[in-house]
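Below: one structure, written as structure tokens.
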Ligand code: SF4
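Put into structure tokens, the structure is as follows:
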């Protein structure tokens with residue numbers, strides 16, 4: 014039994030039957046702007062996006078406990094500047110806030126990647142000043158949210174979006190993964206307009222879904238059948254678009 018699994022183990026982090034982390038990416042200069050960072054991948058997710066190419070993270074159990082993660086972070090003090098909490102969906106882990114408190118106390122900046130389904134968690138982290146950056150996935154417009162995510166919780170997503178738009182302290186970015194079987198260009202323009210209407214003024218990132226015979230997805234989608242019309246979207250979007 015690890016220290017993490019003991020009933021009153023270290024770091025004040027609530028306990029979980031399994032280890033929370035699926036994997037640790039020890040180094041990235043791409044995922045946390047202006048920071049040299051690592052990524053902690055939290056197992057489990059509250060969505061089931063058809064294009065998801067991480068079914069092992071979404072459906073599987075974590076294999077790395079908090080003590081192991083703390084050991085890793087201690088070994089990177091002075092070498093890394095930030096920690097990205099990704100997944101899966103990081104906000105599904107009940108120990109997230111307690112763990113982040115400890116990581117911040119070690120001097121790391123914190124970025125949260127989230128699908129926005131837990132506005133209560135995001136609000137609490139923001140209110141406590143535990144976040145330095147957020148990346149929010151805007152999965153689909155309300156009319157297609159169920160089709161894309163297999164959840165009907167658009168109202169929870171929009172609460173997260175609105176609370177991020179209404180605050181100014183923490184920079185955040187919005188991004189959408191596009192698979193042509195699920196979203197059309199008109200959907201993307203509608204989402205850009207919705208973001209603009211809610212007060213979002215940052216770049217809106219669009220990334221093509223990865224799929225194909227060698228990249229199984231949760232929804233068994235075939236390879237992305239067509240790429241998006243960059244010229245049309247750029248011309249008609251009210252927001253600056255970033256294509257990844
Ligand atoms: S793509 Fe969807 S199902 Fe996969 S981890 Fe992200 S939110 Fe969860």
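In our numbering, the protein residues as written are 14 to 257.
In this text, a Cβ means the ideal position worked out from N, Cα and C, and glycines have one as well.
To which residues of the same chain is residue 157 closer than 8 Å at the C-beta, ignoring the five residues directly before and after it?
-> Within the same chain, residue 157 has close Cβ partners 195, 196, 200.
As assigned by DSSP and simplified to three states, the class of residue 160 | DSSP, read as helix, strand or coil, puts residue 160 in helix.
Within 10 angstroms of the Cβ of residue 242, are there 16 or more other Cβ atoms? Answer buried if so, exposed if not.
-> Per the 10 Å Cβ criterion, exposed.
What is the DSSP secondary structure of residue 147, reduced to helix, strand or coil?
-> DSSP places residue 147 in strand when its eight states are reduced to three.
Cβ pair residue 121, residue 177 closer than 8 Å = No. Outside cutoff.
Cα separation between residue 185 and residue 214?
-> Using only the alpha carbons, I get a separation of about 10 Å.
Kindly examine the ligand SF4 and report whether one of its heavy atoms sits closer than 7 Å to the Cβ of residue 128.
-> Using a cutoff of 7 Å, the CB of residue 128 counts as near the ligand SF4, since one of the ligand's heavy atoms is closer than that.
Comparing the CB of residue 65 with every heavy atom of the ligand SF4, is any distance shorter than 7 Å?
-> Because some heavy atom of the ligand SF4 lies under 7 Å away, the Cβ of residue 65 counts as near it: yes.
Fully enclosed by the region 83-125, which beta strand (DSSP E) runs are 3 residues long or longer?
-> Entirely contained in the region 83-125, the beta strand (DSSP E) runs reaching 3 residues are, in chain order, 95-100.
Check each candidate in 256, 159, 155, 134 and name the one with the smallest Cα separation from residue 147.
-> Scanning 256, 159, 155, 134 for the CA closest to the CA of residue 147 turns up 134.
If you check the beta carbons only, do residue 203 and residue 154 fall under 8 Å apart?
-> Yes.
With distances taken Cα to Cα, identify the nearest neighbour of residue 42 among 36, 35, 52, 34.
-> If we check each option's Cα against that of residue 42, 52 comes out closest.
Should residue 238 be labelled buried (16 or more other beta-carbon atoms within 10 Å of its own) or exposed?
-> Taking all protein chains in view, the Cβ of residue 238 is surrounded by fewer than 16 other Cβ atoms within 10 Å, so the residue is classified as exposed.
Mind checking residue 90: buried by the 16 CB within 10 Å criterion, or exposed?
-> The residue is exposed, with fewer than 16 neighbouring Cβ atoms inside 10 Å.
If you count every other CB in all the chains shown that lies within 10 Å of the CB of residue 92, and 16 or more means buried, which is it?
-> The residue is exposed, with fewer than 16 neighbouring Cβ atoms inside 10 Å.
The beta strand (DSSP E) spanning residue 219 covers which residue range?
-> Its beta strand (DSSP E) spans residues 217-221.
Does the pairing of the region 104-111 with the region 49-63 give three or more beta-carbon distances under 8 Å?
-> Touching, yes, given that three or more Cβ pairs across the two stretches are closer than 8 Å.
The ligand SF4 heavy atoms versus the CB of residue 102: any closer than 7 Å?
-> Within the cutoff, so yes.
For residue 181, is the classification buried or exposed, using 16 other Cβ atoms within 10 angstroms of its Cβ as the cut-off for buried?
-> That one is exposed.
Please report the Cβ distance between residue 188 and residue 218, rounded to the nearest whole angstrom; I am assuming they are in contact, meaning their Cβ atoms lie under 8 Å.
-> With a Cβ gap of about 4 Å, residue 188 and residue 218 count as contacting.
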